[in-house]
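Protein chains: 2
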Amino acid sequence: MNSPLMLACPVPFQTTSRVLLGHGSGGKLSAQLLNDVFLRVFRNPVLDRLEDQAILKIGGMRLAFTTDSFVVKPMFFRGGDIGSLAVHGTVNDLAMGGAEPLFLSAGYILEEGLDLAVLNRVAESMALAAKDAGVDIVTGDTKVVERGSGDGIFINTTGIGLVPDGVNLSASSARPGDRVIVSGFLGDHGIAILSEREGISFDTPIESDSAALHTLVRAMLATNQTVIRTMRDPTRGGLASSLNEIAASSKVGIELSETSIPIREEVRGACEMLGLDPLYVANEGKLIAIVEPSGADQLLAAMRAHPLGANAQIIGTVTAKHAGMVTERTAFGTTRIVDMLSGDQLPRIC
Amino acid sequence: MNSPLMLACPVPFQTTSRVLLGHGSGGKLSAQLLNDVFLRVFRNPVLDRLEDQAILKIGGMRLAFTTDSFVVKPMFFRGGDIGSLAVHGTVNDLAMGGAEPLFLSAGYILEEGLDLAVLNRVAESMALAAKDAGVDIVTGDTKVVERGSGDGIFINTTGIGLVPDGVNLSASSARPGDRVIVSGFLGDHGIAILSEREGISFDTPIESDSAALHTLVRAMLATNQTVIRTMRDPTRGGLASSLNEIAASSKVGIELSETSIPIREEVRGACEMLGLDPLYVANEGKLIAIVEPSGADQLLAAMRAHPLGANAQIIGTVTAKHAGMVTERTAFGTTRIVDMLSGDQLPRIC
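Protein chains in written order, with this note's numbering: chain A, 1 to 350; chain B, 1001 to 1350.
Below, the structure written as structure tokens:
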């Protein structure tokens, strides 16, 4: 809930011997799984950066490389489908590293009995999204599992991009005084999926914001790349989880101003009705930028001049105090802690 | 069946409006799905090459890029598991393009309720296989689906490698007179999986041949890279499917000599018992090379000097006649057509 007087009360963290839906939430359980299972055994300097994309030095170039699997339910939703989302999600993970997206792979796991018309519709949507984003899908793979061992279509996309000279973004680069900018309204994707799934209808239907953000990033880098410390797209786990990751990596505090955070009235209303906090709800066409204070206004103007950044806002400041913690100054002047997501709000959101 | 007097009688090809297990077999249905659904919408010059890997020109370099999802059942089998297989499979797809494998991504789709001890065991096996192969897993993703919407663990690995100067392999490069070399015994992986799945035990247990082939490829390229036309690893659909793809791409015939094809007695026996043709059974640590006749003996000697090629054999010749077709001269002097796999022999073999 986003009630201004309520202080967040983190759920006690549980250990478990089984995989829970919350392990896929992008919150605390995801971080625990990453640390305890994967980082423990795969440890290497590239992976240890913990960015949304690996940056690989090959020859004289810096390649960005990122992977994402998509299991969103339902497959089709207002504003997109699993195919377009699979393109946007991976393009965005490349773009958050400042990379120009170039190529995607596509790996499908299909469930026996899937209607081929559905697969065609998804493939067509994926092809259109790739064409719109200017990336080529250059290699692929298809596996089929028995009825009941999958769920229609799962898609993995893995992307390659090229990081331009001079661009050096890192979640560990935020410094006290930096401004936190968000590119537009938060929570649209999560609420669109949830309303589809639960059959809830609103007076003003809420569409997913699923979009490829690399042209917005290009415009931002062209304006003044040196003032941008880091960028993240707040997908699973929402704004709260992305900012907590940055606060932890940079060993800084982040203080948000509730009244500055752009959230549509419909989304705010849906969240209150459903008992969700919009700061934890997934976005698929929004970015957060942490920006040197001197360049923040200029960058904000550049973002607002781009269709995908028209509703961009400065929503907070990086602080020296409360290192590793995100707080929110509410409309009533109180302060609440915006912790990492505990448990799972919305499974299979992407 | 591999009965020497039996002529293959291809099953009439059926059209369907639903995804069948056979669409994942690597045979005719897979090719139809690729053509009718994916190539139709994703068409571009890199994808249209239809190799096991995309070759991307970025800067002055040629990058190999390939993706594979792994859904093998059971997850653990004699000679490997889904983790090691996910590394070997993608390393091999890079190596078949002559590339030095460099980096892998790892995308997991986990089923709610999975025992974390099982996930740990798979991750450890994957890390060990990557270390042994000299590749780093540099980026990853984990999704969780509800109980009954997945099947334990699915893994996507996507790989990046670097193609050395002067190496130009293509399935369309085979020419009449070329020799067909296979690096060792065929069918081990498929029979190992099947015996595990069906609870069949043999006097001599059959192990999967799952292995990373890039050091064998490196030795072959070092010996004489100019005589190698193309390489394939005969996984799903086996030797028959890989050779049919080469015959079709190069518009040549391929004539195999049954008595030269290395198949373990135990595998041959298991195939006869189970009604399988070993030429269609999956391998995960074998390669086929099509080689200029002048260099074939030298290359064969180099392969036999490598542990993964110790049982390499010249098994056939590329012909001008029967373009697009693979035939086998049997031990009895008859000739049979070795068509693409129709339907599905062994679902979820990789």
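Ideal placement from N, C-alpha and C gives every residue a C-beta, glycine not left out.
query	result
Entirely enclosed alpha helix (DSSP H) segments - the stretch 1249-1289 of chain B, minimum 4 residues	1265-1274
Whole-angstrom distance between L85/A and G1083/B, CA atom to CA atom	27 Å
Contact set for T1204/B: own chain, Cβ-Cβ below 6 Å, skip 5 residues either direction	E1266
Contact set for S1183/B: own chain, Cβ-Cβ below 7 Å, skip 5 residues either direction	L1216, K1286, L1287, M1303, L1308, G1309, A1312
Element boundaries [alpha helix (DSSP H), containing T215/A]	214-224
CB of G1107/B within 9 Å of CB of S69/A, strictly	yes
Beta carbon of I160/A nearer than 9 Å to that of P101/A	yes
Buried or exposed by the 16-neighbour rule on C-beta atoms within 10 Å, applied to S1328/B	As written in the sequence, residue 1328/B is Glu, which differs from the Ser given in the question. By the neighbour-count rule (16 or more Cβ atoms within 10 Å), E1328/B is buried.
Cβ-based burial, P1074/B [other Cβ within 10 Å; buried from 16]	exposed
Alpha-carbon to alpha-carbon, G22/A and V1145/B	10 Å
Partners in chain A for S1030/B, counting only beta-carbon separations shorter than 8 Å	T142
E1365/B: first and last residue of the uninterrupted beta strand (DSSP E) it sits in	Any question about residue 1365/B goes unanswered here, given that chain B covers just 1001 to 1350.
Buried/exposed call for T1334/B, threshold 16 Cβ in 10 Å	exposed
Touch test, the stretch 1233-1245 of chain B against the stretch 1023-1043 of chain B, Cβ-Cβ under 8 Å, three pairs minimum	yes
Identity of the residues DSSP links to N156/A by a beta bridge	S69/A, G107/A
Of the listed residues L63/A, L56/A, H88/A, nearest to C350/A (C-alpha basis)	H88/A
Exposure label - M340/A; buried when at least 16 CB within 10 Å	buried
CB contact below 9 Å: A127/A versus chain B	yes
Endpoints, beta strand (DSSP E) assigned at R329/A	326-329
Span separating the alpha-carbon of D233/A from that of L1186/B	47 Å
Q1053/B (DSSP reduced to helix, strand or coil)	coil
Cβ neighbours of M1006/B in the same chain (closer than 6 Å, five flanking residues each side left out)	Confidence is the limiting factor: at M1006/B the pLDDT is only 35, short of 50, which leaves the residue's position unreliable, though a coordinate-based value still follows. If we look at M1006/B and ignore the five residues flanking it on each side, it has no Cβ neighbours.
Short CB-CB distance (under 9 Å) between E196/A and chain B	no
Whole beta strand (DSSP E) elements within the stretch 1069-1094 of chain B, 3-residue minimum	none
Through-space distance from E111/A to V1019/B, alpha-carbon basis	7 Å
Coarse secondary structure for L1162/B, derived from DSSP in three states	strand
Run of the alpha helix (DSSP H) containing I1349/B, from where it starts to where it stops	Careful: I1349/B lies outside any alpha helix (DSSP H) and carries neither H nor E.
C-beta atoms of A296/A and V252/A nearer than 9 Å	no
Pick from G1060/B, N1092/B, A1130/B that is closest to R43/A, judged by C-alpha positions	A1130/B
Endpoints, beta strand (DSSP E) assigned at G1316/B	1313-1319
Limits of the beta strand (DSSP E) - the one that G357/A falls within	Residue 357/A lies beyond the residue range present for chain A, which begins at 1 and ends at 350; the question has no answer from this structure.
Interface partners of T1067/B on chain A, CB under 8 Å	S105, A106, G107, T139, G140, D141, N156, T158
Rounded C-alpha distance that separates M1096/B from A127/A	27 Å
Option nearest T66/A by Cα separation, candidates K1143/B, L1104/B, L1034/B	L1104/B
Other residues of its chain near I206/A: CB distance less than 8 Å, five sequence neighbours each side excluded	R78, D188, I191, A192, S195, R264, E266, V267, A270
Under 8 Å from the C-beta of S1201/B: neighbouring residues of chain A	Under the 8 Å cutoff, chain A gives no residues; its nearest Cβ is about 24 Å from S1201/B.
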